[in-house]
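Engineer: Attaching a single structure in structure tokens format; questions to follow.
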Amino acid sequence: MRHLFLGICTLSIIALSSCNAQPDSTKTQEIMSKSNTKYNELTPQEQDVILNKATDRPFTGDYYDKDDKGLYICRQCNNPLYTSEDKFEAHCGWPSFDAAIEGAVTNVPDADGMRVEIICNNCHGHLGHVFTGEGFTDKDTRYCVNTSSILFVPANKTKDLPAVIK
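First residue of the sequence shown? That's 73 in the working numbering, and the numbers climb one at a time after it.
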């Protein structure tokens, strides 16, 4: 009988503590509610990065060393995110920008408090992380973006941007 009581108490404690692990933020609910929207088709690598918050390997992809003039848009929903004027070489292996287009991205502190995730403000897809205080540029901000999360549109094609998928 004593073992049964201890077992029930243990299970109750586990059940109650797991309730705390459930996300309760409005932002999380908002992200989940957008998942029914039909966005651009993604490769398995792009899905892993954008939907599962994976990270591209450094010095891979087409954009970490690209210096052409143009616009970088969200690969999942076509939302304009960054301009080439704000891109700089941080020698980190990922495309780096010192500013985002106003209102284009949202900063979300990681649960462990170590980093700040950046997500597309439209589709909430994972883009990468933002860092401050490194001194790379006068703006002192580095948006470290996964190539798999973005698509480059050359300056001479920006008038024909694909529509943002809402």
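A virtual CB, placed ideally from N, CA and C, is assigned to each residue, including glycine.
Could you check whether the stretch 218-238 touches the stretch 130-148, counting it as contact only if at least three pairs of C-beta atoms, one from each stretch, sit closer than 8 Å?
Structural biologist: The stretch 218-238 vs the stretch 130-148: in contact.
Engineer: With a CB to CB cut of under 6 Å and the five nearest residues on each side skipped, what residues in its chain are close to Thr178?
Structural biologist: Around Thr178: Ile191 and Asn193.
Engineer: Have a look at the DSSP bridge pairing and note the partners of Pro226.
Structural biologist: Paired residues: Gly142.
Engineer: If you reduce the DSSP assignment to three classes, tell me which class Lys231 lands in.
Structural biologist: Helix, per DSSP.
Engineer: State the Cα-Cα distance for the pair Lys184 and Gly207, rounded to the nearest angstrom.
Structural biologist: In the sequence as displayed, the identity of residue 184 is Asp instead of Lys. If you take the alpha carbons of Asp184 and Gly207, they lie about 24 Å apart.
Engineer: Would Ile237 and Arg147 be called neighbours here (beta carbons separated by less than 7 Å)?
Structural biologist: Against a cut-off of 7 Å, the Cβ pair of Arg147 and Ile237 comes out as no contact.
Engineer: Look at Gly197 and Ile145 and say whether their C-beta atoms are less than 7 Å apart.
Structural biologist: No; because the gap between Cβ atoms is not below 7 Å, this pair is not in contact.
Engineer: Note down, in chain order, each residue of its chain lying with its Cβ closer than 6 Å to the Cβ of Thr115, except the 5 sequence neighbours on either side.
Structural biologist: Excluding residues within five positions, none has a Cβ falling inside 6 Å.
Engineer: Would you list, in sequence order, the uninterrupted beta strand (DSSP E) runs of no fewer than 3 residues that lie entirely inside the stretch 185-210?
Structural biologist: The qualifying runs are 188-192 and 198-204.
Engineer: Could you tell me which of Gln119, Val188, Cys195 and Asp232 sits nearest to Cys216, measuring between CA atoms?
Structural biologist: Cys216 has its Cα closest to that of Val188, out of Gln119, Val188, Cys195 and Asp232.
Engineer: Which one of Leu153, Met186 and Asp134 has the shortest CA to CA distance from Leu233?
Structural biologist: The residue with the shortest Cα to Cα distance from Leu233 is Leu153.
Engineer: Alpha carbon to alpha carbon, how far is Tyr111 from Trp71? Give it in angstroms, no decimals.
Structural biologist: The structure shown does not extend to residue 71, since the chain is modelled only from 73 through 238, so no value can be given for it.
Engineer: Determine the direct distance from the alpha carbon of Ala126 to that of Arg214, and round the result to whole angstroms.
Structural biologist: Their Cα atoms are separated by approximately 19 Å.
Engineer: Quick one: grab the DSSP three-state call for Asn150.
Structural biologist: Coil, per DSSP.
Engineer: Compute the Euclidean distance between the alpha carbons of Tyr136 and Glu157, then round it to the nearest angstrom.
Structural biologist: Taking the straight line from one Cα to the other gives about 14 Å.
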